[in-house]
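For the sequence shown, our numbering assigns the number 2 to the initial residue and increments by one for each residue that follows. The beta carbon of each residue, even a glycine, is placed where N, CA and C say it ideally should be. Just so you know, these numbers come straight off a predicted model, no measurement behind them. The structure under discussion appears below in the form of structure tokens.
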Amino acid sequence: MVDAVMRRGRRRAREQMASAAQSSAALAYAAMGWPVCAGVHPLRGAPGAPETGRACSCDRVGCPAPGAHPLSPAWQIQATVDTAVIRRWWLAKPEANVILVTGRVFDVLDVPAAAGTAALGRMERCGVATGPVAVSAGDRMMFFVATRLAADEEEWWSCHLDCEPESVTQAGGLRWHCRNSYVLAPPSRHGTGLAAYWIREPGDHPLPDVLRPLEYLVDACEETA
2 MVDAVMRRGR RRAREQMASA AQSSAALAYA AMGWPVCAGV HPLRGAPGAP ETGRACSCDR
62 VGCPAPGAHP LSPAWQIQAT VDTAVIRRWW LAKPEANVIL VTGRVFDVLD VPAAAGTAAL
122 GRMERCGVAT GPVAVSAGDR MMFFVATRLA ADEEEWWSCH LDCEPESVTQ AGGLRWHCRN
182 SYVLAPPSRH GTGLAAYWIR EPGDHPLPDV LRPLEYLVDA CEETA
């Protein structure tokens, strides 16, 4: 009995620390001018959540992106840098993940981790600025770049909850999050149980123009496909 109580106490302490980290991260992103909205969160016991068959806090059974999508379908309207609003969100939903909305201040080039690691190493050896870089859910790497509006509608594609990114023959595995898209921000936790984390902090690495890192990422995707 005592052991069970201690385990519950430790679990609550970990959950409280995680919640504090989420709200602190959301406020820090807002302070940089990055639009934020509240996300869903993995259910306790995820992945799999065997007691309910669900891994995500949303009402959707078999959610294809557990823990990795906005809480509200009105996320594009709600996304904000208003710290008062953000505090209210995380006060009401302390377990909420942090979602960053793309296509306003920054875009995200999202590639398989193997391609991202290869491209990052090559850019460092060539002295090319990488900008902020994060690992999301363990098997993808995200390169944050300055927003660049495409002149051609076919030059960009979004990654909605129910939308698979278009396949691009010359850059298999590359996703360009820009208008109408979003990414799961560190230190949020995916339904797989893995947390997103920074390997190049945004405060230390300004957003580069998209074209230079894109060149290296396309090459790396071709080589690792």
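In the three-state reduction of the DSSP assignment, residue 89 falls in the helix class. Taking the Cα positions, residue 210 is about 25 Å away from residue 99.
Relative to residue 185, the option among 126, 39, 174 whose CA is nearest is 39. Contact annotation: residue 120 and residue 218 have beta-carbon atoms nearer than 8 Å.
Our two residues, residue 176 and residue 92, have alpha carbons roughly 33 Å apart in a direct line.
Residue 196 carries a strand assignment under DSSP once its states are collapsed to helix, strand and coil. DSSP, reduced to helix, strand and coil, places residue 61 outside both helices and strands of the structure shown, so it counts as coil.
Here residue 134 is buried, its C-beta having at least 16 other C-beta atoms within 10 Å.
Here residue 87 is buried, its C-beta having at least 16 other C-beta atoms within 10 Å. In this structure residue 132 touches residue 145 by the C-beta definition: roughly 5 Å separates them, less than 8 Å.
In the three-state scheme derived from DSSP, where H, G and I count as helix and E and B as strand, residue 177 is classed as strand. Sequence-distant Cβ neighbours of residue 147 in its own chain, meaning closer than 7 Å and more than five residues away, are 107, 208, 209, 210, 211. Judged by DSSP in its simplified three-state form, residue 124 adopts helix.
With a threshold of 16 other beta carbon atoms within 10 Å, residue 198 falls short and is exposed. Excluding residues up to 5 positions away in sequence, 173, 174 lie with their Cβ nearer than 7 Å to the Cβ of residue 226 in the same chain.
Under DSSP, residue 103 forms no beta bridge with any residue. Closest by C-alpha distance to residue 203, out of 187, 193, 192, is 187.
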